[in-house]
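Here's the structure we're looking at; comments come further down.
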Amino acid sequence: MSPASRRRARQPPDSSSLFRHRLSPPCQTNRSAMGSSRLLPLLLCAGALGSLLCCHGAVEAPGFVTVSTASFKPGSTCRDPATPTPHRNGTSAVLRLTHRHGPCAPSRASSLAAAPSVADTLRADERRAEYILRKVSGASAQQLLGSKSAAATVPANWGYNIGTLNYVVTVSLGTPGVSQTLEVDTGSDLSWVQCKPCAAPTCYAQKDPLFDPTQSSSYAAVACSASACSALGLYASGCSSAQCGYVVSYGDGSNTTGVYSSDTLALTSTDAVKGFLFGCGHAQSGLFTGIDGLLGLGRLRQSLVGQTSSTYGGVFSYCLPTKPSTTGYLTLGGGPTGGFSTTQLLTSPSAPTYYIVMLTGISVGGEELSVPASAFAGGTVVDTGTVVTRLPPSAYAALRSAFRAGMAAYGYPSAPANGILDTCYNFSGYDAVTLPNVALTFSGGATVTLGADGILSFGCLAFAASGSDGGMAILGNVQQRSFEVRIDGASVGFKPSSC
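According to full-length UniProt numbering, the sequence shown holds residues 1 to 499 in order.
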């Protein structure tokens, strides 16, 4: 291809009428020499003004982004250039966060159980979303999900948390310290690990040896008479031998029960939480496999955030990696706030655990969708444990329609629906694809412009409808990936391209 041919740029469509007509086909090349007649678009480097040029010189339309299809595939080796080593940074403690089943996962973390299938993941995601929305609104599952529903900076890895895509960090518990790989969950308060004695089937196979409280000099069971026991509320499970019992049930049907306890939790080599309260689990059931337990980051005082508020000010942030082959981080404590788009943090009296913000608008291809403000009035839960973002029906319908129109302009073949994901594509044979940008706007004007990994997942538009207009929405982890999400007592901030 000659330089002259690159300069013959096709003019982009008028952005004001972007979805009123079809765009010209994307750049294509004949692969007949490879035994295929499929025409393949090629991704070329950006020009001096930042416009992406393709083989025939077409200028990428405003509001669209062209990406290599290779970027959707998980890597086979761990790339960890931006993740800090677990350490104290001023008044913050930083931990490494990773994908549980990827090459960056802690040793043995992914070897004990195969990654769930896409279908299993989406089914579990439905159950989690159903649970959150039902808890917040009091509505039934049928109302919420429709007729198809059955129901310190610590490194964070991308894992499958209780049946859904979640992330794990490695900490140390007890004296002497015992390594524990824990799932991170902003939708849970009480942290727990599996403890001896605990034989199968009441305990599942995990990455590390079971925590043995008899071998820790700093361990203590919480007494039934202690204020910490009486404060357990819905997590309380009676008393046995004067020891406080706990129980936690999750939205996908998994549960853990045992003795409410305290011990030293080391986040990094220089950051330890003495007297950390957690569940010493002696019986677990459900979708737990491989991981050693869970680290709760919810808003109640039983969470790690609540228990360390005097040290870290109740401030934390995290960056979820885009792929299993990259890493992110979990940070406890405040830090520089530059570069964040910030929106107000709200509270639901019926579900005080959750971090809630107000979504006010959505744009596709640079064009704001026509969705009544009343559709978003229920607020939006920011949740690391839900995979796919849930939107009120009218908002999702508008998003789907605009996105399909933008994709149709480039002629990409559709693919069958995948569970709750009803807008899917077959990119086989394509080296690059052009997608309409999707941006979410929150109260106060905070705007989150999603990357390709935040728009598509499993080859499908990574959004779904739930509930009714005016009900609660959920910001899932697909849309949070690569953003540093910073949460304090008053606001939630989003900083792009952070991991």
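Beta carbons: idealized from backbone N, C-alpha and C, even for Gly.
Check: Which two residues bound the contiguous beta strand (DSSP E) that contains K495?
Finding: The residue you call residue 495 lines up with position 495 of the sequence shown. Taken as a continuous stretch (DSSP letters only), the beta strand (DSSP E) holding K495 covers S491 to K495.
Checklist line | DSSP three-state assignment for R123, whether helix, strand or coil | finding: Residue mapping note: residue 123 aligns to position 123 of the sequence shown, counting from 1. Correct three-state label for R123: helix.
Note to self: What would DSSP say about L297, mapped onto helix, strand or coil?
What the structure shows: Position 297 of the sequence shown, counting from 1, holds the residue named residue 297. Residue state, collapsed to three classes: coil.
Notebook entry, point to check: Near F340, which residues of its chain fall below 7 Å by C-beta distance, leaving aside the five closest residues on each side in sequence?
Noted result: As a first step, residue 340 is located in the sequence shown; it is residue number 340 there, counting from the start. Counting only Cβ-Cβ distances below 7 Å, and skipping sequence neighbours, we find R486, G493, F494 and K495.
Next item on the list: Drop a sphere of 10 angstroms on the beta-carbon of P213, count the other beta-carbons inside from all chains shown, and report buried for 16 or more, exposed for fewer.
Entry: Translated into the one-based positions of the sequence shown, residue 213 becomes position 213. Buried, because 16 or more other Cβ atoms sit within 10 Å of the Cβ of P213.
Notebook entry, point to check: When the distance is taken between beta carbons, is C224 closer than 8 Å to L210?
Noted result: As a working mapping, residue 210 is identified with position 210 in the sequence shown. As a working mapping, residue 224 is identified with position 224 in the sequence shown. No, they are not a contact pair.
Notebook entry, point to check: Looking at the unbroken alpha helix (DSSP H) that takes in S482, where does it start and where does it end?
Noted result: By 1-based counting over the sequence shown, the position of residue 482 is 482. Taken as a continuous stretch (DSSP letters only), S482 belongs to no alpha helix (DSSP H), as it is neither H nor E.
Checklist line | Beta-carbon proximity check, D469 vs S303, cutoff 8 Å | finding: Mapped onto the sequence shown, residue 469 falls at position 469. Mapped onto the sequence shown, residue 303 falls at position 303. No, they are not a contact pair.
Note to self: For a test of the three-state rule: what should DSSP assign to F72, helix, strand or coil?
What the structure shows: Walking along the sequence shown from the start, residue 72 turns up at place 72. The answer is helix: DSSP assigns F72 an H, G or I state.
Notebook entry, point to check: The beta strand (DSSP E) spanning Y260 covers which residue range?
Noted result: Against the sequence shown, residue 260 aligns to sequence position 260. Start and end: N255 to T268.
Notebook entry, point to check: Mapping DSSP to helix, strand and coil, what is P436?
Noted result: Mapped onto the sequence shown, residue 436 falls at position 436. Strand at P436.
Notebook entry, point to check: Within 10 angstroms of its Cβ, does Q206 collect 16 or more other Cβ (buried), or is it exposed?
Noted result: Along the sequence shown, one-based indexing puts residue 206 at 206. Counting Cβ neighbours within 10 Å, Q206 comes out buried, since at least 16 surround it.
Next item on the list: Would you check if the segment 402-413 and the segment 424-437 touch, i.e. whether three or more CB-CB distances between them fall below 8 Å?
Entry: yes
Next item on the list: Check whether the Cβ atoms of G279 and G258 sit closer than 8 Å, and answer yes or no.
Entry: Within the sequence shown, numbered from 1, the residue matching residue 279 stands at position 279. Within the sequence shown, numbered from 1, the residue matching residue 258 stands at position 258. Yes. Within cutoff.
Note to self: Let me confirm a value: K323 is counted as buried when at least 16 other C-beta atoms fall within 10 Å, else exposed. Which label applies?
What the structure shows: Position 323 of the sequence shown, counting from 1, holds the residue named residue 323. By the neighbour-count rule (16 or more Cβ atoms within 10 Å), K323 is buried.
Notebook entry, point to check: In the structure shown, what three-state DSSP assignment does A373 receive?
Noted result: Numbered from its first residue, the sequence shown carries residue 373 at position 373. The answer is helix: DSSP assigns A373 an H, G or I state.
Next item on the list: Count the C-beta pairs between the segment 389-407 and the segment 360-373 that are closer than 8 Å, then say yes if the count reaches three, no if not.
Entry: yes
Notebook entry, point to check: What are the residues that DSSP puts in a beta bridge with V448?
Noted result: Against the sequence shown, residue 448 aligns to sequence position 448. BP columns for V448 point to L440.
Check: Can you name the residues that DSSP bridges to V382?
Finding: In the sequence shown, the residue the question calls residue 382 occupies position 382. Partner(s): Y355 and L475.
Item checked: Residue range of the beta strand (DSSP E) that includes A276 -> Your numbering for residue 276 matches position 276 in the sequence shown. First, the residue type needs correcting, since residue 276 is Phe and not Ala in the sequence shown. That run of the beta strand (DSSP E) goes D271 to S285.
Item checked: Boundaries of the beta strand (DSSP E) in which S240 is found, first to last residue -> Position 240 of the sequence shown, counted from the start, is the residue given in the question as residue 240. Run containing S240: A236 to S240, per the beta strand (DSSP E) assignment.
Check: On the three-state DSSP scale, how would you describe V94?
Finding: Here residue 94 refers to the residue found at position 94 of the sequence shown. V94 falls in the strand class under three-state DSSP.
Check: Along the chain, which unbroken stretches of the beta strand (DSSP E) at least 3 residues long are found entirely within the segment 301-364?
Finding: 316-319, 327-332, 341-344, 355-357 and 359-364
Notebook entry, point to check: What separation, rounded to the nearest whole angstrom, lies between the Cα atoms of V136 and G187?
Noted result: Residue mapping note: residue 136 aligns to position 136 of the sequence shown, counting from 1. Residue mapping note: residue 187 aligns to position 187 of the sequence shown, counting from 1. Their Cα atoms are separated by approximately 12 Å.
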